[in-house]
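Chemist: Sharing a structure, written as structure tokens. Questions coming.
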């Protein structure tokens, strides 16, 4: 469920641009031009909070580790459990990628023996 207030030609153009980025380096360069360091750090913090919530880390520990306020943590939790499933989609894909990379490393070690 996409919030219709978000959808317009300019936002579509932005998301199409993001989907064209091919490397982490390209992402850094694009976002550095697009947003302030504080804006990028705030987005990164929210994703980190979502990851920690999925791992059942307590609010106090999340605050301690990320510097996020309890209001930010609550907002992320609400989106994580009652939102558009954006966090869940990304976190699941990142976990799968991490799992595959771990398996790849294990296979490489086994094949070199």
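Residue numbers (our numbering): 2 to 114.
Here a beta-carbon is modelled for each residue, glycine too, at the ideal position from N, C-alpha and C.
1) Return the first residue and the last residue of the alpha helix (DSSP H) that residue 50 is part of.
2) Rounded to the nearest angstrom, how far is the Cβ of residue 54 from that of residue 77, given a contact under 8 angstroms?
3) Pick out the complete alpha helix (DSSP H) segments inside the region 10-35, 4 residues or longer, and give them in chain order.
4) Would a C-beta distance cut-off of 8 angstroms place residue 74 and residue 50 closer than the cut-off?
5) What is the residue span of the alpha helix (DSSP H) that residue 1 lies within?
Modeler: Put simply:
1) In the chain shown, the residue the question calls residue 50 occupies position 49. Run containing residue 50: 38-55, per the alpha helix (DSSP H) assignment.
2) Counted from its first residue, the chain shown places residue 54 at position 53. Counted from its first residue, the chain shown places residue 77 at position 76. Indeed they touch by this definition, with Cβ atoms about 7 angstroms apart.
3) 10-21 and 25-35
4) Residue mapping note: residue 74 aligns to position 73 of the chain shown, counting from 1. Residue mapping note: residue 50 aligns to position 49 of the chain shown, counting from 1. The answer is yes: Cβ separation under 8 angstroms.
5) The chain is shown only over 2 to 114; residue 1 falls outside these bounds and no answer can be derived.
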